[in-house]
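According to the working numbering, the sequence shown is numbered sequentially starting from 22.
Note that beta-carbon positions come from the ideal geometry of N, C-alpha and C, so glycine has one too.
Beneath this line is the structure, given in structure tokens, with notes to follow.
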Amino acid sequence: LGEVLARREKAGGGACLLFGIPDHKDEIGSAAWDENGVVQRAMAQIRRLSPEMYIIGDVCMCEYTSHGHCGILDETGYVKNDETLGYLCRIAVSYARAGADMVAPSDMMDGHIQAIRSALDEAGFVNTAILGYSAKFASGFYGPFRDAADSAPAFGDRKAYQMDPANGREALREIEADIREGADMVMVKPAMPYLDILKAGSEAYNIPFAAYQVSGEYSMLKKAMEEGLLPPTVVEESLIALKRAGARWLITYFALEVGEALKNR
Ligand code: PBG
Ligand code: ZN
22 LGEVLARREK
32 AGGGACLLFG
42 IPDHKDEIGS
52 AAWDENGVVQ
62 RAMAQIRRLS
72 PEMYIIGDVC
82 MCEYTSHGHC
92 GILDETGYVK
102 NDETLGYLCR
112 IAVSYARAGA
122 DMVAPSDMMD
132 GHIQAIRSAL
142 DEAGFVNTAI
152 LGYSAKFASG
162 FYGPFRDAAD
172 SAPAFGDRKA
182 YQMDPANGRE
192 ALREIEADIR
202 EGADMVMVKP
212 AMPYLDILKA
222 GSEAYNIPFA
232 AYQVSGEYSM
242 LKKAMEEGLL
252 PPTVVEESLI
262 ALKRAGARWL
272 ITYFALEVGE
282 ALKNR
């Protein structure tokens, strides 16, 4: 972490979005809100080493649950939306306590933004911002992330809470709901296959949009460049497309190298 931070500082600082891989997973993802959890400790360390860094924590349960789902399950294996909200709130508050500037719930439970806003306020963290993963699709492009985090669902899929790629208007309704519940920013994810949502959303709502170039998008470009199938310029081209479509923030695994390239230009 120290090494990455030093590189990041040299490239011009900015923001970081943290995910955790815990030592052990259980049914209720208890490592997620542990005050000595891997994300909480990393946040405290970043605060110390890079005081100017804007720290964002991804709030979800799938990296921490033994079954790999983003919430608490009932006997039939279905996610219990409302019961899950309480756990998400505990995670968000633990991040705020550890020094997060912003929390980013990626669980796609209904009512999560409002629940987390209230919980943060009640705990005194009125200035901790919320970035909603509002338009998050049930996508095959998350594959490499799930491999890395060992967080693929043990059974079934995430289609009960993540969105149908064919349903663009539902994405706009989810964005609207998150804004109404108090999101400070909203996100479209994955990015490149959903540029139409980014464009329509950012034109329809007066709130800054983030676009998340996810692990599958990153891996495709990375692999194709390694194989010599594509030139290195495709990285910036892929990110410029997101800006053009209306993104104010780009979330990308290329952040460090693009930051360094821009600095040296
Ligand atoms: C957790 C989460 C995922 C990603 C970000 N937060 C995995 C998922 O929903 O399966 C994917 C990120 C990526 O693919 O880069 N819910
Ligand atoms: Zn999840």
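Based on the DSSP secondary-structure assignment, which residues constitute the bridge partners of F158?
-> Bridge pairing for F158: M184 [DSSP].
How is Y99 classed by DSSP in three states: helix, strand or coil?
-> It is coil, neither helix nor strand.
Answer yes or no: the CB of T128 versus the heavy atoms of the ligand ZN, is any distance below 7 Å?
-> Inspection of the sequence shows that residue 128 is occupied by Asp rather than by Thr. Taking 7 Å as the cut-off, one finds at least one heavy atom of the ligand ZN near enough to the beta carbon of D128.
Just curious, the beta strand (DSSP E) that T273 is in, first and last residue?
-> Its beta strand (DSSP E) spans residues W270 to T273.
Chain-ordered residues, beta carbon under 5 Å from a heavy atom of the ligand ZN | The set of residues with any CB-heavy atom separation to the ligand ZN below 5 Å comprises, in chain order, C81, C83 and C91.
From T149 to M123, what distance separates their C-alpha atoms?
-> Taking the CA atoms as reference points, T149 sits about 5 Å from M123.
Determine the direct distance from the alpha carbon of L250 to that of G120, and round the result to whole angstroms.
-> The C-alpha of L250 is placed about 42 Å away from the C-alpha of G120.
List in chain order: all unbroken alpha helix (DSSP H) runs of 4+ residues lying wholly within the segment 169 to 222.
-> If only complete runs of 4 or more residues are kept, the segment 169 to 222 shows the alpha helix (DSSP H) at 189 to 202, in order along the chain.
Where does the unbroken alpha helix (DSSP H) through D122 begin, and where does it stop?
-> Where D122 is concerned, there is no enclosing alpha helix (DSSP H), because DSSP gives it neither an H nor an E.
Tell me whether F230 is buried or exposed, calling it buried when 16 or more other Cβ atoms sit within 10 Å of its Cβ.
-> Buried.
Looking at C-beta atoms only, is the number of pairs between the segment 60 to 74 and the segment 152 to 159 that lie closer than 8 Å three or more?
-> Between the segment 60 to 74 and the segment 152 to 159 there are fewer than three inter-stretch CB-CB distances shorter than 8 Å, so the stretches are not counted as touching.
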